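Residue numbers (my numbering), protein chains in the order written: chain A, 5 to 118; chain B, 59 to 173.
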Amino acid sequence: AQSVTQLGSHVSVSEGALVLLRCNYSSSVPPYLFWYVQYPNQGLQLLLKYTTGATLVKGINGFEAEFKKSETSFHLTKPSAHMSDAAEYFCAVSEKDSNYQLIWGAGTKLIIKP
Amino acid sequence: EAEVAQSPRYKITEKSQAVAFWCDPISGHATLYWYRQILGQGPELLVQFQDESVVDDSQLPKDRFSAERLKGVDSTLKIQPAELGDSAMYLCASSLARTGAYEQYFGPGTRLTVT
Numbered sequence: 005a006q007s008v009t010q011l012g013s014h015v016s017v018s019e020g021a022l023v024l025l026r027c028n029y030s031s032s033v034p035p036y037l038f039w040y041v042q043y044p045n046q047g048l049q050l051l052l053k054y055t056t057g058a059t060l061v062k063g064i065n066g067f068e069a070e071f072k073k074s075e076t077s078f079h080l081t082k083p084s085a086h087m088s089d090a091a092e093y094f095c096a097v098s099e100k101d102s103n104y105q106l107i108w109g110a111g112t113k114l115i116i117k118p
Numbered sequence: 059e060a061e062v063a064q065s066p067r068y069k070i071t072e073k074s075q076a077v078a079f080w081c082d083p084i085s086g087h088a089t090l091y092w093y094r095q096i097l098g099q100g101p102e103l104l105v106q107f108q109d110e111s112v113v114d115d116s117q118l119p120k121d122r123f124s125a126e127r128l129k130g131v132d133s134t135l136k137i138q139p140a141e142l143g144d145s146a147m148y149l150c151a152s153s154l155a156r157t158g159a160y161e162q163y164f165g166p167g168t169r170l171t172v173t
């Protein structure tokens with residue numbers, strides 16, 4: 005069965021520094037890939053998605069992610085962290101075999117140091 | 059911009075009481091999902107509707123949970139009786155497509171506390 009691993013339950017970076025949140029999936033068949041962000045006591049908001057085509061995907065709020073098939077990864081990056089980026093980030097995948105239901109990682113809490 | 063609506067935003071109830079949550083998806087979205095999210099974890103799918111039909115409720119604790127989407131539009135999730143372990147965020151999401159890898163749009167959630 006498909007699984008999603010997010011390395012690091014907490015990631016702390018300084019304001020202005022590079023943000024790198026890691027996501028790996030287990031399937032040998034490339035799934036569809038998503039990153040969502042969740043602010044405290046709110047629902048989840050889609051940051052970006054990969055379905056087909058260009059492997060570097062740009063999303064909202066200056067985030068981007070690159071699909072690397074050989075590494076079964078979809079890491080999320082942002083060149084310069086802002087205080088407003090502090091939130092929890094979830095990677096999710098979906099595939100036809102699971103009726104396109106989202107399979108979620110455990111989440112990574114991003115902490116921004118002033 | 060169209061949004062998924064949920065109510066109430068917060069609910070405190072005593073164990074053994076009944077509680078209900080309501081969700082109104084984005085207009086025209088055929089697929090509706092209910093998730094439960096424990097603090098510090100990813101969402102767990104409880105039930106998936108396509109129009110008014112249940113597609114998947116394999117993770118729904120059917121002895122106490124029920125869900126309906128009678129006219130294929132809004133939906134209600136009920137818990138009776140509530141237990142302490144039901145304290146969580148309950149999220150509703152909707153998706154345009156009946157199949158395929160379309161993104162899900164989430165409502166603000168209902169934070170349930172069972173005392």
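All C-beta atoms in this analysis are idealised placements derived from N, C-alpha and C, irrespective of residue type, glycine included. None of these values were measured; they are calculated from a predicted model.
With distances taken between CB atoms, is the gap from residue i to residue j smaller than 9 Å?
i       : j       : result
S30(A)  : K113(A) : no
L52(A)  : I64(A)  : yes
P139(B) : A76(B)  : yes
L135(B) : V105(B) : yes
V17(A)  : A85(A)  : yes
A69(A)  : L22(A)  : no
T9(A)   : G111(A) : no
A78(B)  : F107(B) : no
Would you say residue i lies against chain B (beta-carbon separation less than 9 Å)?
i       : result
A96(A)  : yes
K53(A)  : yes
T38(A)  : According to the sequence provided, residue 38(A) is Phe. The question's Thr does not apply to it. Taking Cβ atoms only, chain B reaches closer than 9 Å to F38(A), which makes this a yes.
L48(A)  : yes
N103(A) : yes
For the ligand SAM, is there a heavy atom less than 8 Å away from the beta-carbon of residue i?
i      : result
S84(A) : Because no ligand of any kind appears in the structure shown, any question about the ligand SAM cannot be addressed here.
Counting only beta-carbon separations shorter than 9 Å, does residue i have a partner in chain A?
i       : result
L103(B) : yes
F164(B) : yes
D114(B) : yes
G86(B)  : no
V172(B) : no
Q138(B) : no
K98(B)  : According to the sequence displayed, residue 98(B) carries Gly and not Lys. Output row for G98(B): interface = yes.
L149(B) : yes
Measuring alpha carbon to alpha carbon, tell me which residue in the options is nearest residue i.
i       : options                               : result
S102(A) : L103(B), I137(B) and G130(B)          : L103(B)
S152(B) : E110(B), V172(B), F123(B) and G100(B) : E110(B)
W92(B)  : K69(B), S116(B), T71(B) and K129(B)   : S116(B)
Q95(B)  : Y104(A), F94(A) and K117(A)           : F94(A)
L4(A)   : S7(A), S88(A), W39(A) and M87(A)      : Because chain A spans 5 through 118 in this model, residue 4(A) falls outside it and cannot be assessed.
L106(A) : V172(B), A146(B) and P101(B)          : P101(B)
C9(B)   : T173(B), L149(B), V112(B) and D121(B) : The requested residue 9(B) is not part of the displayed model; chain B covers only 59 to 173.
L97(B)  : L50(A), I115(A) and E92(A)            : E92(A)
ask   = Using 8 Å as the threshold, is the region 45 to 54 of chain A in touch with the region 148 to 168 of chain B, meaning 3 or more CB pairs across them?
value = Contact between the region 45 to 54 of chain A and the region 148 to 168 of chain B is established, with three or more Cβ pairs separated by less than 8 Å.
query = Fully enclosed by the region 65 to 90 of chain A, which beta strand (DSSP E) runs are 3 residues long or longer?
reply = Correct list: 68 to 72 and 77 to 82.
key: Given 8 Å, three or more beta-carbon pairs between the region 60 to 70 of chain B and the region 83 to 90 of chain B   = Short answer: they touch.
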